[in-house]
Every structure is written in C-alpha cells, then in structure tokens.
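A quick write-up on the structure given underneath.
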Amino acid sequence: MRLMTIFIALLGSVAVPGLAADVGFEEVKITNGAEPPLTAGIWYPTNAQGTSHSLGDFTQTVAPEAPIAGSRLPLVVMSHGGGGWYGSHYDTALALAHAGFVAAAVSHAGDTFDDQSRVLQLWRRPEQLHRLISYMLDEWRWHRRLDAARIGAFGFSNGGFTVLVAAGGVPDLSKIAPFCDVHADHDLCDALQHAGVERHFGSNVPASAWIHDSRIRAVVIAAPSFGFAFGRAGLSSVRTAVQIWSAADDRHQPHPYYDEPVRDDLPRAPGYHVVANAGHFDFLPPCDARLSRMRPEICNSRPGFDRATFHDQFNADVLQSLHDTLP
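Positions -20 to -1, 1 to 307 (mature numbering (1 follows the signal peptide of the UniProt record, and there is no 0)) are the ones given, in order, by the sequence shown.
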C-alpha cells in the first residue's frame, strides 16, 4: 500500500506508460550456449487480479502467467549482487511493473546463493545480461509489447559492476592485487584470501571479454563493486544516463574506493544519492523476522535506520529516474 501511495503521487509529474492495477509474473529459462539455461524472473503490468505467492524467502502479490497490459512498454533488466538471485530486488521489480515497466532479472549462473563456483569470473555476468535482453526482445511471449528503444538496467553491488560493463565500461582487474596489498582488511580482499584465490586472477582478462550492450539507454546502480578497477579510461564509453546510490555507512565496500571513483570518472556527471546511516545490504528488500534470524548479516540495519521506509522512497526515486531517462 505504501508503494501504491507513492505511485499515485508520481502520476502528476511523470507520464506513466502503462499503469496497471496489478503485476503479472513468470519464471523463464533462457538459452546459455553450451551451459545449462539461465533462470530469470519477469514482472509486468496486467489487469488480472494479483494474489499472494511465495518468492524464495519473500511473499509477493502477483498474477502468475497473466496477460500483459499495455503496449510499447519500457524494459528494465536487473542484475543482483554476489550470492544473490533473480528475486533479490523483487520489491523494485514490483514497483516498476506497477508503474507500467517490464522488469526482468536474471540469476547469474556461478554467482548465486546456491552456486558460487564462478563468482570471480566477472566477465560472465555482462554476457548473461546481454542474453536476457535478447530473450526479452526476441523470444519472450509478450516481446511485441516492448519498446526496444527504451531499455534501462538496474544493478546492485556485483550487479552494479555488471551494468556498468554492459553500458560500455571496461574494468582492469589487474588493479585488484595492488589494491589488496594496501587494503587487505577490506571485505573483498579478505574474501579472496580466505577462499585461497590468487589476487592476480584477473590480470590476463582481455578487454574483448567484457560484453557491452548498446541497447541499454539508462542505468541505475547501487553500491557498485570494484569501482576502483575502471578509471577514467575504462568508463569513457559509458554514454548513458547514470544514477548512483551510495550507502553512507557501507562497511562491506568502504568509501572512497567503490562508488566515488565511478561517480568521478564517468564522462557524463551522474545523479548521485548518498543514503545517510545506510549499510551495504540496506539496498536489499526488508526481511521478515524469520529471515532476519537466519541471515542477520544482510537483514539487520543500523539502529534508527528504517529499511522499509527507505525502500518506499528508493523505489519511487528509481522509478522517477527511469521515467526521466527513458521518455
């Protein structure tokens, strides 16, 4: 109800392309070359009545497999953080679909909560996002209802890195080893050490390994990982509109090495939001009491920070940004 109140307030200031009373949802499989198919979730506007359904550890009100409402709908593809899955930002996906967007999120094979076998093969992620866009435009059963000229991308943490690459960024992973020599206490460097991973793992990744997608016209990223690995040259080809979200108390990716280098090195000044008192994982949806007990490291916010209230505003601001940049 809080989300719908915000959307109603937004109607006076933005042109909503296909506002619908409810949200349709489906899970699909996407061909992934010689590997097993990718799994993706799709949220879209519908006039069918939504009901309560489980989505992993969460519950969402959707109409599964319902007919789509509207035409020439903008598409937003979504990339989750390390160890996540396609449902990691379901509340933002719901917000977008309620406002007339189609939101499609992929589970990045090899970097999900149940499969960390290729977590450091970061070049795989942009290619998977590229496959998602192609599937949505060419194969999805409602693909003719999409506007191929209005495609945005949303990413959090490793997903923020992924979206920057998809939008034209070229990181230099050889920067990781010297960075960790100086910042061995950072979560990134500590994780590499405990996993027994050689810090030079990315030194031989050619620029051609990073897949870009010119179909993306607007980008929203939250707490992007490996921000220090791009530099001005590595971000020089990112010409899309970019909105960056930064958690003021991000102890997982401490300032000023992740969000700030991206902000400062983009050729076009981005929109930049710093969320006071927020931690890294406050960009994930609010957890219920059971999940908070199971996963306190990602569910518990700092005292005084109301994640639910923040997400109401966060989703509304993301929606506003995408309305402005995907007219």
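The C-beta atom is built at its ideal place from N, Cα and C for all residues, glycine as well.
State yes or no: is the C-beta of residue i within less than 8 Å of the C-beta of residue j?
i: isoleucine 48; j: arginine 125; result: yes
i: glycine 132; j: valine 222; result: no
i: alanine 20; j: serine 87; result: yes
i: proline 54; j: phenylalanine 5; result: no
i: proline 283; j: tyrosine 70; result: no
i: glycine 259; j: arginine 219; result: no
i: tryptophan 146; j: histidine 78; result: Sequence check: residue 146 is alanine here, not tryptophan. Against a cut-off of 8 Å, the Cβ pair of histidine 78 and alanine 146 comes out as no contact.
i: aspartate 245; j: phenylalanine 210; result: yes
i: glutamine 101; j: leucine 18; result: no
i: proline 234; j: histidine 166; result: yes
Whose C-beta lies closer than 8 Å to the C-beta of residue i among residues of the same chain, with five residues either side of it excluded?
i: glutamate 277; result: Phe261
i: proline 16; result: Ala89
i: arginine 195; result: Ile113, Leu117, Ala128, Ile131
i: aspartate 95; result: Ala89
Going by beta carbon distance, what residues of the same chain come within less than 6 Å of residue i, once the five residues before and after it are set aside?
i: arginine 111; result: Ile10
i: serine 217; result: Gly148
i: phenylalanine 136; result: Gly61, Ala202, Phe263
i: asparagine 295; result: Thr72, Ala75
i: arginine 287; result: Asp262, Pro266, Ser281
i: methionine -17; result: Only weak support exists for where methionine -17 lies, its pLDDT of 42 falling under 50; the value from the coordinates is given anyway. Around methionine -17: no qualifying Cβ.
i: serine 32; result: Thr39, Thr41
i: threonine 305; result: Ala198, Ala221
i: arginine 105; result: His88, Thr142
i: serine 68; result: His60
i: proline 307; result: none
By Cβ distance, which residues of its chain are closer than 7 Å to residue i, with the 5 residues on each side in sequence left out?
i: phenylalanine 159; result: Phe208
i: histidine 123; result: Met116, Leu117
i: asparagine 257; result: Ala228, Asp229, Arg282, Gly284, Phe285
i: leucine 271; result: Asp37, Cys279
i: threonine 289; result: none
i: serine 97; result: Gly90
i: cysteine 169; result: Cys160, His163
i: alanine 269; result: none
i: arginine 212; result: Asp245
Please check the pair residue i and residue j, which I expect to be a contact at CB under 8 Å, by giving their CB distance rounded to whole angstroms.
i: phenylalanine 93; j: glycine 63; result: 5 Å
i: alanine 3; j: glycine 36; result: Reading off the sequence shown, one finds valine at residue 3, where the question assumed alanine. Rounded, the Cβ-Cβ distance is 17 Å, inconsistent with contact.
i: tyrosine 252; j: arginine 243; result: 5 Å
Closest by CA to residue i, which one among the options?
i: valine 298; options: Arg273, Glu15, Ala73; result: Ala73
i: histidine 292; options: Ser59, Ala75, Lys155, Arg121; result: The displayed chain sequence assigns aspartate, not histidine, to residue 292. Checking every option, the nearest Cα to that of aspartate 292 belongs to Ala75.
i: serine 205; options: Val99, Phe141, Asp304; result: Phe141
i: isoleucine 113; options: Ala85, Val99, Gly90, Leu100; result: Ala85
i: leucine 144; options: Asp95, Pro250, Asn184, Phe81; result: Pro250
i: valine 8; options: His192, Tyr66, Ser59; result: Tyr66
i: serine 188; options: Gln173, Asp152, Ala256, Ala77; result: Asp152
i: proline 247; options: Pro234, Gly214, Ala269; result: Gly214
i: asparagine 27; options: Gly139, Gly80, Ser34; result: Gly80
i: serine 154; options: Leu168, Asn184, Cys169; result: Asn184
i: glycine 139; options: Trp103, Ala164, Asp167; result: Trp103
i: arginine 25; options: Leu168, Ala83, Met58, His163; result: A small fix is needed here, since residue 25 is proline in this sequence, not arginine. That would be Ala83, whose Cα lies nearest to the Cα of proline 25.
i: tryptophan 225; options: Gly50, Trp23, Val254; result: Val254
i: alanine 128; options: Val162, Pro236, Ser51; result: Ser51
i: leucine 172; options: Val99, Pro307, Pro186; result: Val99
i: tryptophan 190; options: Trp23, Asn12, Val150, Met274; result: Val150
i: arginine 121; options: Ile22, Ser34, Phe134, Tyr252; result: Ile22
i: methionine 58; options: Glu119, Asn12, Phe134, Ser34; result: Phe134
Is residue i near the ligand ATP, judged by its Cβ being under 7 Å from some heavy atom?
i: alanine 164; result: Annotation note on the ligand ATP: not contained in the displayed structure, which lists no ligands.
Can you find a CB in chain D that lies within less than 8 Å of the CB of residue i?
i: histidine 303; result: Included in the structure is just one protein chain, with no chain D present.
Next on the checklist: I'd like the ranges of any alpha helix (DSSP H) spanning at least 4 consecutive residues and lying wholly in the stretch 20 to 94.
Outcome noted: Complete alpha helix (DSSP H) runs here, min 4: 70 to 78.
Checklist entry - Along the chain, which unbroken stretches of the alpha helix (DSSP H) at least 4 residues long are found entirely within the stretch 113 to 186? => result With a minimum length of 4 residues, the continuous alpha helix (DSSP H) runs that stay inside the stretch 113 to 186 are 138 to 146, 156 to 162, 167 to 174.
Item to check | Entirely enclosed alpha helix (DSSP H) segments - the stretch 236 to 267, minimum 4 residues | outcome: 239 to 245, all fully within the stretch 236 to 267.
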